[in-house]
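Worksheet: the structure to be examined is printed underneath.
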Amino acid sequence: MKSEREETWVDAFKKGEPRSIEKVITVYGTPLLRSAFLLCGSEVEAHDMVQETFLQAIKSIHKFKGKSSLFTWLYGILLNIFRQQIRKRRYSAFPGDFGDKNSKSGINPEHNLERKREFSRVYSMIQTLSPHHREALILRYYEGLKITEIAEIARVSKGTVKSRLHYATEALRKIMPSDLKHLGHSIANNKE
Numbered sequence: 274m275k276s277e278r279e280e281t282w283v284d285a286f287k288k289g290e291p292r293s294i295e296k297v298i299t300v301y302g303t304p305l306l307r308s309a310f311l312l313c314g315s316e317v318e319a320h321d322m323v324q325e326t327f328l329q330a331i332k333s334i335h336k337f338k339g340k341s342s343l344f345t346w347l348y349g350i351l352l353n354i355f356r357q358q359i360r361k362r363r364y365s366a367f368p369g370d371f372g373d374k375n376s377k378s379g380i381n382p383e384h385n386l387e388r389k390r391e392f393s394r395v396y397s398m399i400q401t402l403s404p405h406h407r408e409a410l411i412l413r414y415y416e417g418l419k420i421t422e423i424a425e426i427a428r429v430s431k432g433t434v435k436s437r438l439h440y441a442t443e444a445l446r447k448i449m450p451s452d453l454k455h456l457g458h459s460i461a462n463n464k465e
């Protein structure tokens, strides 16, 4: 459900007002960048994907009908760009180190380092999934979207989303080392 504030941004965005474009980029840039990185595995390519997402959004904002939230629409554009890259070449991801979206200053640095190590290991395992399974997993557990929102973005049925999530979590559970099973357990038990 869209807020009045978002509707105001969209109206201004459709008119091409620079401040509204800047506001949309400020609000949605970080979540899109995080997801782009998780999808492709390259910080440079993630930045390129997000930049291309906003360029395409600016060019095609007149097509936005408001049936979904602006973030959902932008995420759909991002996924299409990612899928185009996959079709253009065989995609290989290189695990990298980037910040945990939940990290807070004041956390014990040793604990933070351990969390980054765990995240890096989980990230490497996520990269072994098929693009469709990876998309569903990232949208659900990293972006916190509902099954219906994921179905809308991916342009598939809710049943297909549930199936992709099931197979993705099962695949992760099979390859996850025992010291990370607590992470896989929390993912598998996080239902809508």
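For what it's worth, this note's numbering labels the leading residue of the sequence shown as 274, then goes sequentially. Glycine included, each C-beta is placed from N, C-alpha and C at the ideal position.
Discussion item. Do Ala319 and Ile350 count as a contact pair if the criterion is CB distance below 7 Å?
Written reply: no
Practice prompt. Decide yes or no for the touch test of the region 337-352 against the region 424-432: beta carbon pairs closer than 8 Å, at least 3 of them.
Written response: yes
Fill in: Nearest candidate by alpha-carbon position, reference Lys447, set Thr421, Val434, Leu402 and Glu408
Leu402
Worksheet item: Hey, how far is the Cα of Ser430 from the Cα of Lys296?
Response: 32 Å
Discussion item. If distances are taken between C-alpha atoms only, which option among Lys288, Leu306, Ile298 and Trp282 comes closest to Tyr415?
Written reply: Leu306
Worksheet item: Which one of Ser342, Lys338 and Thr326 has the shortest CA to CA distance from Arg356?
Response: Thr326
Worksheet entry | First through last residue of the alpha helix (DSSP H) which encompasses Lys296 | Pro291 to Cys313
Worksheet entry | Residues near Tyr440 in its chain [Cβ-Cβ closer than 7 Å; skip 5 each side] | His406
Worksheet item: So is Ile399 buried or exposed if we call it buried at 16+ other beta carbons inside 10 Å?
Response: buried
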